[in-house]
Every structure is written in structure tokens, then in C-alpha cells.
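Novice: If you're matching them up, the sequences are chains A and B in order.
Residue 183 in the numbering used here is what sits at position 140 of the first sequence, and the numbering runs on without skipping anything.
Residue 436 in the numbering used here is what sits at position 393 of the second sequence, and the numbering runs on without skipping anything.
Protein chains: 2
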Amino acid sequence: MASINQNYRKLPGSYLFSTIGKKVREYESAHPDRKVIRLGIGDVTQPLAPEIIKALHLAVDEMGNRATFRGYAPDLGYDFLRNVIAKEDFQSRGCEISADEIFVSDGAKCDCGNIQEIFGPDNKIAVQDPVYPVYVDSNVMAGRTGTYDEKLQRFRDVIYMPCTAETGFAPELPNEVPDLIYLCFPNNPTGAVMKKEDLQEWVDYANKNGSVILYDAAYEAYIHEEDVPHSIFECEGAKGCAIEFRSFSKTAGFTGLRLGFTVIPKELKIDGVSVHDLWARRHGTKYNGAPYIVQRAGEAVYSEAGRQQIAEQIGVYMENARIISEGLKEAGYALSGGVNAPYIWMRTPDRMTSWEFFDYLLETANVVGTPGAGFGPHGEYYFRLTAFGDRENTIEAVERIKRL
Amino acid sequence: MASINQNYRKLPGSYLFSTIGKKVREYESAHPDRKVIRLGIGDVTQPLAPEIIKALHLAVDEMGNRATFRGYAPDLGYDFLRNVIAKEDFQSRGCEISADEIFVSDGAKCDCGNIQEIFGPDNKIAVQDPVYPVYVDSNVMAGRTGTYDEKLQRFRDVIYMPCTAETGFAPELPNEVPDLIYLCFPNNPTGAVMKKEDLQEWVDYANKNGSVILYDAAYEAYIHEEDVPHSIFECEGAKGCAIEFRSFSKTAGFTGLRLGFTVIPKELKIDGVSVHDLWARRHGTKYNGAPYIVQRAGEAVYSEAGRQQIAEQIGVYMENARIISEGLKEAGYALSGGVNAPYIWMRTPDRMTSWEFFDYLLETANVVGTPGAGFGPHGEYYFRLTAFGDRENTIEAVERIKRL
Numbered sequence: 044m045a046s047i048n049q050n051y052r053k054l055p056g057s058y059l060f061s062t063i064g065k066k067v068r069e070y071e072s073a074h075p076d077r078k079v080i081r082l083g084i085g086d087v088t089q090p091l092a093p094e095i096i097k098a099l100h101l102a103v104d105e106m107g108n109r110a111t112f113r114g115y116a117p118d119l120g121y122d123f124l125r126n127v128i129a130k131e132d133f134q135s136r137g138c139e140i141s142a143d144e145i146f147v148s149d150g151a152k153c154d155c156g157n158i159q160e161i162f163g164p165d166n167k168i169a170v171q172d173p174v175y176p177v178y179v180d181s182n183v184m185a186g187r188t189g190t191y192d193e194k195l196q197r198f199r200d201v202i203y204m205p206c207t208a209e210t211g212f213a214p215e216l217p218n219e220v221p222d223l224i225y226l227c228f229p230n231n232p233t234g235a236v237m238k239k240e241d242l243q244e245w246v247d248y249a250n251k252n253g254s255v256i257l258y259d260a261a262y263e264a265y266i267h268e269e270d271v272p273h274s275i276f277e278c279e280g281a282k283g284c285a286i287e288f289r290s291f292s293k294t295a296g297f298t299g300l301r302l303g304f305t306v307i308p309k310e311l312k313i314d315g316v317s318v319h320d321l322w323a324r325r326h327g328t329k330y331n332g333a334p335y336i337v338q339r340a341g342e343a344v345y346s347e348a349g350r351q352q353i354a355e356q357i358g359v360y361m362e363n364a365r366i367i368s369e370g371l372k373e374a375g376y377a378l379s380g381g382v383n384a385p386y387i388w389m390r391t392p393d394r395m396t397s398w399e400f401f402d403y404l405l406e407t408a409n410v411v412g413t414p415g416a417g418f419g420p421h422g423e424y425y426f427r428l429t430a431f432g433d434r435e436n437t438i439e440a441v442e443r444i445k446r447l
Numbered sequence: 044m045a046s047i048n049q050n051y052r053k054l055p056g057s058y059l060f061s062t063i064g065k066k067v068r069e070y071e072s073a074h075p076d077r078k079v080i081r082l083g084i085g086d087v088t089q090p091l092a093p094e095i096i097k098a099l100h101l102a103v104d105e106m107g108n109r110a111t112f113r114g115y116a117p118d119l120g121y122d123f124l125r126n127v128i129a130k131e132d133f134q135s136r137g138c139e140i141s142a143d144e145i146f147v148s149d150g151a152k153c154d155c156g157n158i159q160e161i162f163g164p165d166n167k168i169a170v171q172d173p174v175y176p177v178y179v180d181s182n183v184m185a186g187r188t189g190t191y192d193e194k195l196q197r198f199r200d201v202i203y204m205p206c207t208a209e210t211g212f213a214p215e216l217p218n219e220v221p222d223l224i225y226l227c228f229p230n231n232p233t234g235a236v237m238k239k240e241d242l243q244e245w246v247d248y249a250n251k252n253g254s255v256i257l258y259d260a261a262y263e264a265y266i267h268e269e270d271v272p273h274s275i276f277e278c279e280g281a282k283g284c285a286i287e288f289r290s291f292s293k294t295a296g297f298t299g300l301r302l303g304f305t306v307i308p309k310e311l312k313i314d315g316v317s318v319h320d321l322w323a324r325r326h327g328t329k330y331n332g333a334p335y336i337v338q339r340a341g342e343a344v345y346s347e348a349g350r351q352q353i354a355e356q357i358g359v360y361m362e363n364a365r366i367i368s369e370g371l372k373e374a375g376y377a378l379s380g381g382v383n384a385p386y387i388w389m390r391t392p393d394r395m396t397s398w399e400f401f402d403y404l405l406e407t408a409n410v411v412g413t414p415g416a417g418f419g420p421h422g423e424y425y426f427r428l429t430a431f432g433d434r435e436n437t438i439e440a441v442e443r444i445k446r447l
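#1: Where does Q49/B land, buried or exposed, given buried means 16+ other C-beta within 10 angstroms?
#2: Could you name the residues of chain B that C206/A contacts, counting a contact when the two beta carbons are closer than 9 Å?
#3: By the three-class DSSP mapping on this structure, what secondary structure does Y403/B have?
#4: Let me know the secondary structure DSSP gives V318/B once reduced to three states.
#5: Could you check which residue in E269/B, A92/B, K97/B has the C-alpha nearest to that of Q351/B?
#6: Sorted by chain position, which residues of the same chain lie with C-beta nearer than 7 Å to N250/B's C-beta, five sequence neighbours on each side aside?
#7: Any beta carbon from chain B within less than 8 Å of I275/A's own beta carbon?
#8: Can you tell me where the alpha helix (DSSP H) with P176/A in it begins and where it stops?
#9: In chain order, what residues of the stretch 307–340 of chain B put their CB closer than 8 Å to some CB of chain A?
#10: If the cut is a Cβ gap below 8 Å, which residues of chain B does Y191/A touch?
#11: Report the neighbours of F112/A on chain B: residues whose CB is nearer than 9 Å to its CB, in chain order.
#12: So if DSSP puts V306/A in a beta bridge, which residue, or which two residues, is it bridged to?
#13: Taking 8 Å as the CB-CB limit, is S135/A close to chain B?
#14: Please state the DSSP three-state secondary structure of F60/A.
#15: Can you find at least 3 beta carbon pairs, one from the stretch 180–191 of chain B and one from the stretch 331–344 of chain B, that sit closer than 8 Å?
#16: Where do the ends of the alpha helix (DSSP H) carrying I438/B lie?
#17: Cβ closer than 8 Å: which chain A residues qualify as neighbours of A115/B?
#18: Given V87/B, which residues of its chain have a CB within under 6 Å of its CB, disregarding the five upstream and five downstream residues?
#19: Using three-state DSSP, classify Q196/B as helix, strand or coil.
#20: Considering only the alpha carbon of each residue, which of V170/B, G211/B, G83/B lies closest to G201/B?
#21: Would you list the residues sitting across from M361/A in a DSSP beta bridge?
#22: Is the beta carbon of T413/A closer than 8 Å to that of G83/A?
#23: To be precise: take each residue of the stretch 360–382 of chain B, compare its Cβ to all Cβ atoms of chain A, and keep it if any distance is under 7 Å. Which residues remain?
#24: Is the CB of E160/A under 8 Å away from at least one CB in chain B?
#25: Select from M389/A, V359/A, N383/A, Y360/A the residue whose C-alpha is nearest the C-alpha of L371/A.
#26: Assuming contact is defined by CB atoms lying nearer than 8 Å, are G150/A and G303/A in contact in what I supplied?
#27: Go ahead and pull the three-state DSSP assignment for S274/B.
#28: For the 8 Å Cβ check, are there 3 or more pairs between the stretch 104–119 of chain A and the stretch 409–428 of chain A?
#29: Return the residues of the stretch 143–157 of chain A that lie within a Cβ-Cβ distance of less than 8 Å from chain B, sorted by chain order.
#30: Here's the rule I'm using: 16 or more other beta-carbon atoms within 10 Å means buried, otherwise exposed. How should H273/B be labelled?
#31: S72/B CB to nearest chain A CB: under 8 Å?
#32: Can you pull the chain B residues whose beta carbon is under 7 Å from the beta carbon of L405/A, in chain order?
#33: Could you give the C-beta distance for R125/B and I145/B, rounded to a whole number, given that I count them as a contact under 8 Å?
#34: Identify every residue that forms a DSSP beta bridge with P39/A.
#35: Within the 8 Å Cβ cut-off, does D180/A reach chain B?
#36: Report yes if the C-beta distance between A374/B and K445/B is below 8 Å; otherwise report no.
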């Protein structure tokens, strides 16, 4: 008789963004006259850049022609894309990452969710708190987290690393040594970044203890300050202890196109086993490559015109971030983020819980944000706003919040 | 200190098609003057149909326009695609499957590989032998198969169901009751099909024993005979015990475009838990939807023009299948398949092992096929040829084999 994976029962409630979506849909259908502005889910709103559209059309035409048609892609990605990524994202920054250490995929969410599979069931994970839910949930499903403590709102066998206003929303090196350390910088949800010397401390800590750092750099393109590392591989020794996840979603508006990649250096070994080989085997068995046309679109992101066009798009979002930050500060809110990241992390007013503030904002201002509690217990009393809206709506949302 | 998933070490050798690819590359680089014809990996060669190309261009244009741009897709697929699938693939055949029982994905390989995650670690799996390697390998990775017995070439805790010439390459109901039963019809690699009354027996068996059937119908579009079911949901009671996987890869040449779907009826419950909900949660946590443009391409497959164009493409492949079958029969080979499937399953000559025959064929005829042993011990002394080549190459390959 078949049985289910009982670990799924340990997951508390449903996935954060599904819950938000449901609440918003219910509100909208009850109030069809109200214009709801979404600054909640981190989804982009600007159309794909012309250079990317051009590459897509070209690739589509190739797929319609016998001589240039492409069937199965190489499991790990086309060389044309792996090469340009290695060169432009890593080698140009002094990171010695080669093309065959790049694994192209359909997005960082999938890779962040799937990566835990190649590690043993007894690895203890550490996560920032607040944190992007996928890291924890995917480990719950795999049985690596123990049960959920309703009162503490934590899984018993996970090491939570509080990121608070006091630490500039950076985690501190944990006393109990984790096996797998999830770090996300620029951070979702707080928008915080880590300076190179601070990240170097984590790399040294991981190397000293035999831990692996799972480094989510999906928001790398939003880094604007000088001394902020774009890749963990800028740190000395990182190739022996780190895996990095990247995404085209927020870099170039690919949320609906699906493209990302994971970097696993060949020298990363555990007990003599190449982690690179394990992931290659995983990809070969359970994955069939990203679509050719989408990989060509990814290549266009690195062209001169593509680069310039996406820089303009990111500029638009970062101007939104400035508008939100300044408006809310004027209105007396305490907040951070929004400088090297498209997220603004604000303190809820009057000790409202974050879901109370979510409902309050939805009902009174018709603005959707993301409740901090959805990212972990230290997200309580915080609220995430994103800079991905269009200009007009962003300005209107800020005005509405200021009027409250 | 981090540790790896030790189950990966139980996987014997590397993935079948990677090994073939490596051998062929080595041969080609050693003999650059020879023209190697590939009838090995089941990859299509005809370009995407005009109607699909048209839909792709239209969708790409939408992505370049602010008013019609689409960001994150719904996790489970766009309604426009789920609706047409439910209607055309199921309801039109009398199967009561609704749109919200369709989970759109980037391909059947991913879904077949990932589905085991939602089941407990102690479920015992049964597979046809020979079998598509993904079913077994994904369960090895999850620790559900026990260790590999080199001598028997089998995992100790897997129920293998021999599919031999004596049974028409169909499995027989196993004595030991499995929890999860993988069935693939039309079959990869043997090309065999099951009649409806025979499939009904399996559904009854599963319902009686509380087993779940994981039904891979990726080659459904190749069914040409009357009494062969296109979906397991044509059988009575299947909604209480079966999950079905479908793919656009072989139906419409999407191997490089990536689109598939999984059907999980809401009434499929295990211990009162909805399997549909588990898979939805899995998708929500670890997956971000198939690209919008690819889902629009999928929709075009069901249009009147699209339908006609892909029927013509399948006709071309099936004519290849006829050419291979007749040619090899003439040459005295024993074979099956090729009628309701794009695969021809031939007996190797002179008791050559299937890898011996692979090397022999590559070196003497410069033709690539797939060694039956790669699909399981009962695949030994068999060899798979596919009908996906182009006409000219297929004819030439058959001539070369006949000359041996």
C-alpha cells in the first residue's frame, strides 16, 4: 500500500505567496471597483528589452527551419551561454570560474529547492531569519528539519541566524556549526548586503568547519555600492566551500521566461566526492535543459546593447526603490534596503503584526506588500515592499500609505 | 561537516544517454571523415510546425510590450493551456479530467523524476524490465531501491517486471505487491502497447491493493491502432489509483522547447491525504512554471492547423518506423514495436551483447542505436532504434545495416 512523504505534513500552512495571492484575489472579487496596487511578490513589470526580443525571434525562426532546428539541449546548458556567463560574470571580476562549472537551469528557485537533494539526510542547515521560504521548505520536505514548533515558529533542527536592525540585518557566525549554510545577498527580504571582508569571514568559517555555503545571488544586478561583492567567489577559498545561484529573473525580467544558473567549482569536494559531479548526475537524471530559445535570450543579456537596456530597466526599478524609501521615511516609517536591492524592509507601525499590517494596508490603501512573518519569526513586525511596480503605481502606492 | 547523499554512490555507471553521447563523440573525433547516423537517443529532427512558430512569435511580441508582458506564470500552468488539454486530451475521449487536475511543467522527464518525492521512503517500486532509466535512478537517489547487485544487475528492493517476447513485451501482475507501479505505454524502449482490457486489469489490481500507478504516456500521439487506450483514465476506477505523465516532446517536436504535464485526479487519496495537494505544494515550493511563450506554443498544438501539421510530422516518423521495420525484417532480424510507437526493438544477432552490438554497429555501419542492456537486464540482447531521424538518413542507416 502506497504511503505519502510524511514530511509534507510538517509544512506549516501553505506557501507564503500562494496565501497572499488568495487573499488578494478574494479582496478584489469582493471589491471590483478598487484598484489594488501590488508591491508584494517580487515580480517584474517592464517588458523584455528589445535586444532580448530580437534574440528570441531569431531563435524561434531557427526552430522552424530544419537546418537550424535544435532538439534536446545539453543537460548542463549550451556552451554559447556557459562561456559568456563564465567570462562576463566571473572571470571579468577576477573569479576563476570556468564554463564547465556553470549549470544552466530554468531558474534559481528550482536550483535552490533542488540542491539539498545531493546532500545527506543528516546535514544540519542554517538559514538567515528572516529568509526566503524555499530554503527551509525544501529541507522540510526532505526530512532534514525536524518538526515545527508552533510556539517558537521554528523547526527544531534548523539553525536560525537572526538578522535584525542591530546587526544591519546581517547574520552572525553561529555557535553551533551548521553543515549547510544558506546565505542570500543582496538579501531577500531585507535588501541588506554584506561587504567583502564580512563575507570572507563566512568563507573562512565554512572552510574551517567543513560546511558548505549555498549562496543565493539572484539580486546581484542590483548592487550599486563599491565594496559589495558580486559573487562569493571573489572571496579567497570560496571555491572549496561554496555553491552560488544566479538568476536572469530580476536581472533582465525573465520571471516569465525562466532562466538561471548554478556555479559549482570542481574543487568543491566532500569526503573526496566531487559535488560538481553529483549535481551533473542529478541534472542528467531529472532535468532536460533550459529551452534553446530562452538560452539565446540569456546570451543577449550579455551583448553590448542588451547590457545597456537592462541597466536602464534596473535603473527604473531602483528609482522606484528611492521613491518608496524617501516617501515612507517622510511618513515616519523606519526602513532599510532599497540601495543595493529592489526590496524595502519596513518596520510595521504601532506594533501591528505583519499579517495585521498586510490586511490593514490591503483594506485601507489597497496596496499589497509581503508580511515579514512569512519569512520567519524575526520577520515579525516587518513588511517587505518591492520596487518592481511601474512608476505611476509606485508613486500612487506611496501616496496612499502616506495618507494613512 | 557537510556530507553527501550516499544513495548517489549506488547508481551504477553514468546515465545511459550520456555514455552513448561520449562514445559517439570519441568515435567521431577519431574518424572525422565518417558520417555517423544517429538512431539512438529519441530526439526529433523535424523543425517546429509553422503554427507553433507563429504562436511563439506572437507570444514573444507580447513579452516585449508593457501591456501584454507576463511575469511569473501560475505555478500549475496557464488556464488557457490547462483548459484545452483537459478538453482535447481527456474529456473528448470520455475521461472526466478537469483543467485543475492538469499540472503543466517543463517536461515529462522532470515530472517522472520528481514525482517520487511526494511518496514515503518505504514505498516499494515496481518497474517494467526493460525500462526508461529515470524511474529507477530517481528512486535510487531517494534511497528507495536498496543496493545494486552487480551480478543480477538489479537493485535489491525493486520489483522488476520482465517484458519479454513471450509476453508481447507486456509485464505480468507481480506476485509481491508494489506500492508504486511505473508503467509506460506506448513503451519506451520496446514500442509495445497494452490493450484497454489489459490495462484495466492493472487498474483493478492497484485499486485492490492500494498501489499507485505512475503511467507514462509520453508517446500517446503515436498510437494508431483502435483498441489501444490513449490515457489510463479511460479505464474504470483509474482516478482513484493513477497519475499520468504526458509530453509535448514527441507529440510536437518540443524536445528543445520543454513542455509536458502531469494529471493527478483530485480523488486520488492516500490515507485521506490528497496527492493532488502534495504535488501542488511541491510545484509551489520548487518550481516556477513553464515559460509563457512555450505554453502558448503548447496551446497552438491543439489548434486545427497545428493538429494537422503535427499529424503530418508524426506520419513522417511512422513511415521511418515502417522503413526500419521492413528493412531489418528483410535482413533477417527479429523485431517488434514501430506500429504504435516510434521505437523499434530488435534482437541482437549472434548472441552479441547489446553493448557489443552498439560498438559493432557504430564501427562498421556508423549507425548509433541504444543498447537494450541500458534499460535493464531483460533488455540484454536487444537494441533500440528510433524513427526520429530524417528520411534520407534512416534509409541509408537501414541499407548500411542490411549490408553487414
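Glycine is no exception: its CB is placed at the ideal position from the N, C-alpha and C atoms.
All values reported here derive from a predicted model rather than from experimental measurement.
Specialist: The relevant details are as follows:
#1: Numbered from 1 along the second sequence, position 6 holds the residue referred to as residue 49/B. Exposed.
#2: The residue given as residue 206/A occupies position 163 in the first sequence. None at all; the shortest Cβ gap to chain B is about 22 Å.
#3: Indexing the second sequence from 1 puts residue 403/B at position 360. Of the three classes helix, strand and coil, the one that applies to Y403/B here is helix, per DSSP.
#4: Mapped onto the second sequence, residue 318/B falls at position 275. V318/B: helix per DSSP, three-state reduction.
#5: As a first step, residue 351/B must be located in the second sequence, where it is residue number 308. The shortest Cα separation from Q351/B among E269/B, A92/B, K97/B belongs to A92/B.
#6: Taking the second sequence and counting its residues from 1, the one referred to as residue 250/B is at position 207. Within the same chain, N250/B has close Cβ partners G280, G283, C284.
#7: Counting from one through the first sequence, the residue named residue 275/A turns up at place 232. I275/A does not count as touching chain B.
#8: Within the first sequence, residue 176/A is the residue found at index 133, counting from 1. 176–184 is the extent of the alpha helix (DSSP H) around P176/A.
#9: I313, D314, V316, V318, L321, R324, R325, G327, T328, K329, Y330, N331, G332, A333, P334, Y335, I336, V337
#10: As a first step, residue 191/A must be located in the first sequence, where it is residue number 148. The contacting residues do not exist; Y191/A stays about 15 Å from chain B at best.
#11: Within the first sequence, the letter at position 69 stands for residue 112/A. Going along chain B in sequence order, the residues near F112/A (Cβ under 9 Å) are V87, T88, Q89, P90, L91, G296, G299.
#12: Residue mapping note: residue 306/A aligns to position 263 of the first sequence, counting from 1. For V306/A, which the question treats as bridged, DSSP gives the partners I145/A, E287/A.
#13: Looking up residue 135/A in the first sequence gives position 92. No, S135/A does not count as interfacial toward chain B.
#14: In the first sequence, residue 60/A corresponds to position 17, counting from 1. F60/A falls in the helix class under three-state DSSP.
#15: no
#16: Residue numbering aside, residue 438/B sits at position 395 when the second sequence is read from its first letter. Counting along the chain, the alpha helix (DSSP H) containing I438/B begins and ends at 434–446.
#17: If you number the second sequence from 1, residue 115/B lands on position 72. As written in the sequence, residue 115/B is Tyr, which differs from the Ala given in the question. Those are I84, D86, T298, G299, listed as they occur along chain A.
#18: Reading the second sequence from its first residue, position 44 is the one you call residue 87/B. Hits under 6 Å: G296, T298, F431.
#19: The count along the second sequence starts at 1 and reaches residue 196/B at position 153. Three-state DSSP puts Q196/B in coil, outside helix and strand.
#20: Working through the second sequence from its first residue, we reach residue 201/B at position 158. Just to set this straight, residue 201/B is Val in the shown sequence, not Gly. Here the closest residue by C-alpha is V170/B.
#21: Indexing the first sequence from 1 puts residue 361/A at position 318. Answer is none; M361/A lacks a bridge partner.
#22: Indexing the first sequence from 1 puts residue 83/A at position 40. Indexing the first sequence from 1 puts residue 413/A at position 370. In this structure, T413/A lies closer than 8 Å to G83/A by Cβ.
#23: none
#24: Residue mapping note: residue 160/A aligns to position 117 of the first sequence, counting from 1. Judged by the 8 Å Cβ criterion, E160/A is in contact with chain B.
#25: Along the first sequence, one-based indexing puts residue 371/A at 328. The shortest Cα separation from L371/A among M389/A, V359/A, N383/A, Y360/A belongs to M389/A.
#26: The count along the first sequence starts at 1 and reaches residue 150/A at position 107. The count along the first sequence starts at 1 and reaches residue 303/A at position 260. In contact: G150/A and G303/A (Cβ atoms closer than 8 Å).
#27: Along the second sequence, one-based indexing puts residue 274/B at 231. Of the three classes helix, strand and coil, the one that applies to S274/B here is coil, per DSSP.
#28: no
#29: D149, G150, K152, C153, G156, N157
#30: Here residue 273/B refers to the residue found at position 230 when the second sequence is read from its first residue. H273/B is buried by the Cβ-count criterion.
#31: Position 29 of the second sequence, counting from 1, holds the residue named residue 72/B. Chain A contact via Cβ: absent.
#32: Sequence index remark: in the first sequence, residue 405/A carries index 362 (1-based). Under the 7 Å cutoff, chain B gives no residues; its nearest Cβ is about 20 Å from L405/A.
#33: Numbered from its first residue, the second sequence carries residue 125/B at position 82. Numbered from its first residue, the second sequence carries residue 145/B at position 102. Between I145/B and R125/B the Cβ distance is about 4 Å, and since that is below 8 Å, they are a contact.
#34: Examination of residue 39/A is not possible in this model, given that chain A is present from 44 through 447 alone.
#35: Translated into the one-based positions of the first sequence, residue 180/A becomes position 137. It does; some Cβ of chain B falls within 8 Å.
#36: Mapped onto the second sequence, residue 374/B falls at position 331. Mapped onto the second sequence, residue 445/B falls at position 402. Cβ atoms of A374/B and K445/B: closer than 8 Å.
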